[in-house]
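Protein chains in written order, with our numbering: chain C, 1 to 229; chain Z, 230 to 458.
See the structure below:
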């Protein structure tokens, strides 16, 4: 069989694709570098040309996911006509991919990332996303402060706190996933909905906005994601 | 040498002490069950009588740390004379052990838990602490709502969000530790101090309190911890 020579970037992405699929399926702990090599059928030398350890794969995957997240909000950031509140609402909706149409894809990802054995994966993805998003959100909050709409002493600290609030729903989402298919299903979905509503109010208040200024999830989103197959 | 027979609880705690020391020193990933067994010189059977896997050790350690945290706030919770704001300020101070006198011990723990390789350990300790503290903080916030001082639609969601804010300072603390001994030391300490001030304001606002009602750290605390040896 002729050896297929790929461009380095293609090969690197192919390795990351395989590692991401395995980490999400088996968990980070239970996947070895040899599993990744076997999955795509490359040589050890070919692998180690791009990555020196399993840890590098996790770095590469989280960096790619974070870049994707920035790409999803780029048009909102670059539109000069938007005031800070509109920009922030757009940023929150896009960066969380919280569109009802994405529900089935999102549900599959949730099922994996919220498994207890994937806690490190969850926090690494979250930390990489926060590192990329912090300057972006800081810029939006500074704009709102200049416009006299947001009342915050320190836009960068506010950005860091707001981005970390995302992780505060981890346990509530995990509880709701666990309740699906049981008698508590409806109550769990309603509880998670209320949780997201309050998250929006918490961010309003941190920025000195009236309650209800920001929307974290669209109406019907929680049910759509949780019941998607 | 005569075999020393210990009470089961003593033995269990001795195993957890050894595991905790090794996890904090080498990191969770790099410690094996055999390392723990070798450290205290017990038989494999003696170990597996108490724990079935390394994961159980982490569970046991985080449960112990969380129980210690509740014990530190018990008198504040049980004193019927305290209004909710006084109780909450006491709770925040105690549960974070943010007393200047504890600085050297706290600094040693920080150096370990904030190492990148201990990220899973950090988040597991944090999650166990949040699970134990959530009902406690929910009770204090519900009291404040009844007293008409806190303006929160959902005390339980507010408690969960406020407890998660603790983890939002993880990166800021890690950055400050990394800056110690460099030319940026003073600036990093001042930045972390401002970060803690804003954290207090964020909690004030989430609870509908005037800015400055709650104190997260005592004056001089950040410098005392960061320069302690």
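The beta carbon of each residue, even a glycine, is placed where N, CA and C say it ideally should be.
Please read these numbers as outputs of a predicted model, since none were measured by experiment.
Would the region 26-38 of chain C and the region 117-132 of chain C be scored as touching if the rule is three or more Cβ pairs under 8 angstroms?
The region 26-38 of chain C vs the region 117-132 of chain C: in contact.
In angstroms, rounded to a whole number, what distance separates the CA positions of residue 152(C) and residue 287(Z)?
Taking the first residue of the first chain as 1, we reach residue 152(C) at position 152. Taking the first residue of the second chain as 1, we reach residue 287(Z) at position 58. One C-alpha to the other measures close to 39 angstroms.
With a threshold of 16 other CB atoms inside 10 Å of the CB of residue 374(Z), please say whether the residue is buried or exposed.
As a first step, residue 374(Z) must be located in the second chain, where it is residue number 145. Classification for residue 374(Z): buried.
9 angstroms Cβ cutoff, residue 91(C) in contact with chain Z
In the first chain, counting from the first residue as 1, residue 91(C) sits at position 91. No, no contact with chain Z.
Residues in its own chain within less than 6 angstroms of residue 396(Z) by CB, not counting five upstream and five downstream?
For this step, residue 396(Z) is matched to residue 167 along the second chain. Closer than 6 angstroms at the Cβ level, and outside the excluded window around residue 396(Z), lie 355.
Using a C-beta cutoff of 9 angstroms, does residue 368(Z) count as contacting chain C?
By one-based count along the second chain, residue 368(Z) stands at place 139. It does not; no Cβ of chain C falls within 9 angstroms.
Residue 379(Z) lies in the alpha helix (DSSP H); which residues open and close that run?
As a working mapping, residue 379(Z) is identified with position 150 in the second chain. Careful: residue 379(Z) lies outside any alpha helix (DSSP H) and carries neither H nor E.
Inter-stretch contact (C-beta, 8 angstroms, three-pair minimum) for the region 217-229 of chain C and the region 180-192 of chain C
yes
If you draw a straight line from the C-alpha of residue 159(C) to the C-alpha of residue 138(C), how long is it?
The residue given as residue 159(C) occupies position 159 in the first chain. The residue given as residue 138(C) occupies position 138 in the first chain. For the pair residue 159(C) and residue 138(C), the Cα-to-Cα distance works out to about 5 angstroms.
Could you say which of 71(C), 196(C) and 183(C) lies nearest to residue 133(C) if we only look at CA atoms?
Numbered from its first residue, the first chain carries residue 133(C) at position 133. Comparing Cα-Cα distances from residue 133(C) to each of 71(C), 196(C) and 183(C), the minimum goes to 71(C).
Which bits of chain C does residue 382(Z) rub up against, with CB to CB less than 9 angstroms?
Taking the first residue of the second chain as 1, we reach residue 382(Z) at position 153. Within 9 angstroms Cβ-Cβ: 194, 197, 198, 201 and 211.
Identify the contact partners of residue 168(C) in chain Z, using a Cβ-Cβ distance below 7 angstroms as the criterion.
For this step, residue 168(C) is matched to residue 168 along the first chain. Within chain Z, the residues near residue 168(C) are 389, 390 and 393.
List, from N- to C-terminal side, the alpha helix (DSSP H) runs of 4 residues or more that fit wholly inside the region 168-206 of chain C.
170-179 and 185-206
Anything in chain Z within Cβ reach of residue 115(C), meaning under 7 angstroms, just list it in chain order.
Start at 1 with the first residue of the first chain, and residue 115(C) comes out as number 115. Residues of chain Z passing the Cβ test: none, with the nearest at roughly 14 angstroms.
Just to make sure I have the definition right: I need the residues of chain Z whose C-beta is within less than 9 angstroms of the C-beta of residue 119(C). Which are they?
If you number the first chain from 1, residue 119(C) lands on position 119. Within 9 angstroms Cβ-Cβ: 349, 352, 353 and 356.
List the endpoints of the continuous alpha helix (DSSP H) containing residue 351(Z).
Indexing the second chain from 1 puts residue 351(Z) at position 122. Residue range 348-375 is occupied by the alpha helix (DSSP H) that includes residue 351(Z).
Check the Cβ-Cβ distances between residue 226(C) and every residue of chain Z, and say whether any is below 9 angstroms.
If you number the first chain from 1, residue 226(C) lands on position 226. Chain Z contact via Cβ: absent.
Less than 9 angstroms separating the beta-carbons of residue 417(Z) and residue 431(Z)?
By 1-based counting over the second chain, the position of residue 417(Z) is 188. By 1-based counting over the second chain, the position of residue 431(Z) is 202. It is not a contact, given that the beta carbons lie outside the stated cut-off.
Assuming residue 446(Z) and residue 425(Z) are in contact, meaning their beta carbons sit under 8 angstroms apart, how far apart are those beta carbons, in whole angstroms?
Numbered from 1 along the second chain, position 217 holds the residue referred to as residue 446(Z). Numbered from 1 along the second chain, position 196 holds the residue referred to as residue 425(Z). That pair is a contact at about 5 angstroms.
So which residues of chain Z does residue 205(C) contact, with C-beta pairs closer than 7 angstroms?
In the first chain, the residue the question calls residue 205(C) occupies position 205. Neighbours of residue 205(C) on chain Z, chain order: 434 and 435.
Proximity test, Cβ basis, 9 angstroms: residue 130(C) and chain Z
In the first chain, counting from the first residue as 1, residue 130(C) sits at position 130. True, the Cβ-Cβ gap to chain Z drops below 9 angstroms.
Closest to residue 65(C) by CA distance: which of 214(C), 219(C) and 17(C) is it?
One-based indexing of the first chain puts residue 65(C) at position 65. Restricting attention to 214(C), 219(C) and 17(C), the CA atom closest to the CA of residue 65(C) is found in 17(C).
Would you tell me roughly how many angstroms separate the C-alpha atoms of residue 281(Z) and residue 274(Z), rounded to the nearest one?
As a working note, residue 281(Z) is residue 52 in the second chain. As a working note, residue 274(Z) is residue 45 in the second chain. Cα to Cα, the separation comes out at about 10 angstroms.
Quick one: what's got a C-beta closer than 7 angstroms to residue 175(C)'s C-beta in the same chain, skipping five residues either side?
Here residue 175(C) refers to the residue found at position 175 of the first chain. Excluding positions up to five away in sequence, the list reads 188.
Collapsed DSSP secondary structure at residue 323(Z) in the structure displayed:
Locating residue 323(Z) in the second chain gives position 94, counting from the first residue. Residue 323(Z): helix per DSSP, three-state reduction.
Cβ-based neighbour list, residue 162(C), same chain, cut-off 6 angstroms, excluding 5 preceding and 5 following
Counted from its first residue, the first chain places residue 162(C) at position 162. Correct list, in chain order: 203.
Could you give the DSSP three-state label for residue 40(C): helix, strand or coil?
Translated into positions along the first chain, residue 40(C) becomes position 40. Helix.
Strictly under 9 angstroms for the Cβ-Cβ distance: is residue 187(C) near chain Z by that measure?
Here residue 187(C) is taken as the residue at index 187 of the first chain, counted from 1. So no, residue 187(C) is outside the interface.
Using a C-beta cutoff of 9 angstroms, does residue 157(C) count as contacting chain Z?
In the first chain, residue 157(C) corresponds to position 157, counting from 1. Chain Z, which has a Cβ nearer than 9 angstroms to the Cβ of residue 157(C), makes this yes.
Got a sec: is the Cβ-Cβ distance from residue 171(C) to anything in chain Z below 9 angstroms?
Walking along the first chain from the start, residue 171(C) turns up at place 171. With 9 angstroms as the cut-off, residue 171(C) counts as an interface residue toward chain Z.
Assign residue 434(Z) to one of two classes, buried (16 or more other C-beta atoms within 10 Å of its C-beta) or exposed (fewer than that).
The residue labelled residue 434(Z) in the question sits at position 205 within the second chain. With 16 or more Cβ atoms within 10 Å of its Cβ, residue 434(Z) is classed as buried.
Residue 246(Z) beta carbon near the ligand SAH (any heavy atom closer than 8 angstroms)
No copy of the ligand SAH appears in this structure; indeed no ligand is present at all.
Residue 209(C) beta carbon less than 9 angstroms from that of residue 121(C):
In the first chain, residue 121(C) corresponds to position 121, counting from 1. In the first chain, residue 209(C) corresponds to position 209, counting from 1. No; because the gap between Cβ atoms is not below 9 angstroms, this pair is not in contact.
Could you check what DSSP says for residue 87(C) in three-state terms: helix, strand or coil?
Your numbering for residue 87(C) matches position 87 in the first chain. DSSP places residue 87(C) in helix when its eight states are reduced to three.
Report the rounded CA-to-CA distance for residue 241(Z) versus residue 277(Z), giving the unit in angstroms.
By 1-based counting over the second chain, the position of residue 241(Z) is 12. By 1-based counting over the second chain, the position of residue 277(Z) is 48. The alpha-carbon atoms of residue 241(Z) and residue 277(Z) are separated by roughly 11 angstroms.
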